[in-house]
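Following my numbering, the numbering of the sequence shown begins with 2 at its first residue and continues without gaps.
Every residue gets a Cβ at the ideal spot worked out from N, C-alpha and C, and that includes glycine.
Reading through the structure tokens given below for one structure.
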Amino acid sequence: MPDLSINFAGIKAPNPLWLASAPPTNCGYQVMKAFDAGWGGAVWKTLGVPIVNVSSRYGSINYRDTRMAGFNNIELITDRPLKDNLDEISEVKKHFPDHAVIASLMVETKEEWEQIIKDCENAGVDGFELNFGCPHGMCERGMGSAVGQEPKVLKTIVGWVMEAATKPVITKLSPNISDIREPGRAGVRGGTDAISLVNTFKSIVGIDLENYAPLPSVDGKGTNGGYCGPAVKPIALHMVRELADDPEMNKVPISGIGGIETWRDVVEYLLLGASSVQVCTAVMHYGFGIVREMETGLIQFMADKGYNTIYDFIGKALPNVVEWKDLNLNYQIIAEIDQDKCIGCELCFIACEDGAHQAIQLNKNGEIRIPEIIEENCVGCNLCALVCPVEECITMVKKDNGSEHLTWGELSEQGNIPTTFDDELAGGRGHWVPKPTAALKN
Ligand SMILES: Cc1cc2nc3c(=O)[nH]c(=O)nc-3n(C[C@H](O)[C@H](O)[C@H](O)COP(=O)(O)O)c2cc1C
Ligand code: SF4
Ligand code: SF4
Numbered sequence: 002m003p004d005l006s007i008n009f010a011g012i013k014a015p016n017p018l019w020l021a022s023a024p025p026t027n028c029g030y031q032v033m034k035a036f037d038a039g040w041g042g043a044v045w046k047t048l049g050v051p052i053v054n055v056s057s058r059y060g061s062i063n064y065r066d067t068r069m070a071g072f073n074n075i076e077l078i079t080d081r082p083l084k085d086n087l088d089e090i091s092e093v094k095k096h097f098p099d100h101a102v103i104a105s106l107m108v109e110t111k112e113e114w115e116q117i118i119k120d121c122e123n124a125g126v127d128g129f130e131l132n133f134g135c136p137h138g139m140c141e142r143g144m145g146s147a148v149g150q151e152p153k154v155l156k157t158i159v160g161w162v163m164e165a166a167t168k169p170v171i172t173k174l175s176p177n178i179s180d181i182r183e184p185g186r187a188g189v190r191g192g193t194d195a196i197s198l199v200n201t202f203k204s205i206v207g208i209d210l211e212n213y214a215p216l217p218s219v220d221g222k223g224t225n226g227g228y229c230g231p232a233v234k235p236i237a238l239h240m241v242r243e244l245a246d247d248p249e250m251n252k253v254p255i256s257g258i259g260g261i262e263t264w265r266d267v268v269e270y271l272l273l274g275a276s277s278v279q280v281c282t283a284v285m286h287y288g289f290g291i292v293r294e295m296e297t298g299l300i301q302f303m304a305d306k307g308y309n310t311i312y313d314f315i316g317k318a319l320p321n322v323v324e325w326k327d328l329n330l331n332y333q334i335i336a337e338i339d340q341d342k343c344i345g346c347e348l349c350f351i352a353c354e355d356g357a358h359q360a361i362q363l364n365k366n367g368e369i370r371i372p373e374i375i376e377e378n379c380v381g382c383n384l385c386a387l388v389c390p391v392e393e394c395i396t397m398v399k400k401d402n403g404s405e406h407l408t409w410g411e412l413s414e415q416g417n418i419p420t421t422f423d424d425e426l427a428g429g430r431g432h433w434v435p436k437p438t439a440a441l442k443n
């Protein structure tokens, strides 16, 4: 059976499936229950000078039938005294010596950083995570994302921590920045042992149409919150990839966070360079039990592909992420409809007609209207296949013979790219479009 154990920057764990610092790691009871269910590590709810929270605290985007497709919160770090948390950390470590217990920290002064690091090490933590990401409340007090958005300050604080800590240090980044490599590189320059990302995205999930206050509302007022859950996964994946592929990051281990819910999500993060993952929203939605699907799925994937350890495939997708200019312009696919599977809903027709390239026509076929692809108009954009509600009904079929490979980069070097507004070399030149007046009914 494949071996899931990891050594993440010196932090050992039976598997790469960790709980992110958040409500599921508020207390020892939860962390013990999670380890018992199969989680390999837990980043404790951020410790610091305890805060006072508001109610309500959470909001969400319910997209059609999917509840909590995106999740938003305005809660702060732990509201429990440090001693209570540390006593429980010690107790968890006694019961689970081989699991990773990581203390997430957020304090202000150098003295506070030094003191809390010492206290946590005495309690038996396996490592630290520095919370430079919280984009609400704490940033107004000069902490959280206020640090994550200032690479120089971030580097200084990482430096303080590295001097004080004897256990490995993970720097957790805020995604609320235009180039994630800047705080990532600052962390590495400060000496961090590892990076984790993402914390939550600054957001307003909605407005209450009765009292005109942002959601979640607190006595008729609201504030921006931190957005996470399935909706943020694509953005987080891209940020993980940017850091994993950046030479200045010196290949420090990355813990991937954001919208992870299934084993497939886990594998995607690992393929893009993460070597552990962390989960919050999915556990808040479905409970600790989701780790069983993640673990068995991961083991099955590794067995199917012949991988013995997760290090056999970490970063395997990175070489396939290239710049746009390096994509093959001669690769050509077009849509094909399986007439037997089609239910005649016409969603593909209207999507292509109004939103793409007028490459689908309706064809009366008895009672049901089965659409047809107009091959010469199809540009292979995928839209119809994406909107079609029937699995595998529209497939994209390769039309080129694969013998020619030509990229924009190569075309540019040859001087064969359009350079004037009406250039003969324009890609869409001669591509048929209906006459504008054909849009009018009469
Ligand atoms: C209610 C809530 C509270 C959170 N509290 C913290 C926190 O105390 N410290 C921290 O580093 N991140 C905190 N986070 C962020 C999560 O650790 C995680 O980075 C983020 O939710 C993205 O992961 P997800 O999409 O799996 O939820 C919190 C998230 C939520 C939803
Ligand atoms: S792939 Fe794009 S252009 Fe081709 S039929 Fe579908 S929607 Fe139209
Ligand atoms: S969207 Fe799919 S099922 Fe609906 S008409 Fe088009 S091909 Fe048929």
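Here the distance from the Cβ of residue 380 to the nearest heavy atom of ligand 2 is below 7 Å.
At least one heavy atom of ligand 3 lies less than 7 Å from the C-beta of residue 394. Remark: the shortest separation between the CB of residue 200 and any heavy atom of ligand 1 falls under 7 Å.
In the three-state DSSP reduction, residue 427 falls in the coil class, being neither helix nor strand. Looking at 411, 220 and 351, the one whose alpha-carbon comes closest to that of residue 388 is 351. Residue 97 is classed as buried because its beta carbon has at least 16 other beta carbons within 10 Å across all chains shown. In the three-state scheme derived from DSSP, where H, G and I count as helix and E and B as strand, residue 313 is classed as helix. For residue 105 against residue 168, the beta-carbon gap comes to about 13 Å, at or over 8 Å, which does not count as contact. In this structure residue 322 does not touch residue 251 by the C-beta definition: roughly 19 Å separates them, more than the 8 Å allowed. Nearest Cα to residue 240 within the set 213, 294 and 183: 183.
For residue 179 and residue 371, the gap between their C-alpha atoms comes out near 46 Å. Closest in C-alpha terms to residue 8, from the list 409, 21, 41 and 330, comes 41.
Per the C-alpha coordinates, the member of 399, 395, 376 and 74 positioned closest to residue 385 is 395.
Apart from the 5 residues on each side of it in sequence, residue 81 sits with its Cβ closer than 7 Å to the Cβ of 51 in its chain, given in chain order.
Taking all protein chains shown into account, residue 150 has 16 or more neighbouring C-beta atoms within 10 Å of its C-beta and is therefore buried. Per DSSP, residue 398 is not a residue of any alpha helix (DSSP H); the beta strand (DSSP E) it occupies stretches across 395-399. The Cβ atoms of residue 299 and residue 325 lie no closer than 8 Å to each other.
Distances between the C-beta of residue 383 and the heavy atoms of ligand 2 include at least one below 7 Å.
Below 8 Å, enough C-beta pairs join the segment 269-281 and the segment 242-261 to call them touching: three or more.
Counting every other CB atom within 10 Å of its CB across the protein chains shown gives residue 341 a total below 16, marking it as exposed. Annotation for residue 360 indicates a beta carbon within 7 Å of some heavy atom of ligand 2.
Cβ-Cβ distances below 7 Å link residue 28 to 89 in the same chain, with the five nearest sequence neighbours on each side left out; the list follows chain order. With respect to the 8 Å criterion, residue 283 and residue 258 are not classified as neighbours on the basis of their beta carbons. One thing to note: residue 194 has its Cβ within 8 Å of the Cβ of residue 253. Taken in chain order, the complete alpha helix (DSSP H) segments of 4 or more residues contained in the segment 165-238 are 182-191. Here residue 132 is bridged, per DSSP, to 173.
Burial state of residue 238 is buried, judged by a 10 Å Cβ sphere holding 16 or more other Cβ atoms. Within the segment 50-107, the complete beta strand (DSSP E) segments of 3 residues or longer fall at 59-64, 67-74 and 101-106, listed in chain order. In this chain, the alpha helix (DSSP H) harbouring residue 34 covers 29-38. Here the distance from the Cβ of residue 135 to the nearest heavy atom of ligand 1 is below 7 Å. Within the segment 311-363, the complete beta strand (DSSP E) segments of 3 residues or longer fall at 334-338, listed in chain order. For residue 415, the uninterrupted alpha helix (DSSP H) segment begins and ends at 409-415.
Taking residue 55 as reference, the option from 218, 294, 408 and 364 with the minimal CA-CA separation is 218. For ligand 2, a non-hydrogen atom lies closer than 7 Å to the CB of residue 353. Spatial neighbours of residue 296 in its own chain (CB-CB distance under 6 Å, excluding positions within 5 residues in sequence) are listed in chain order as 39.
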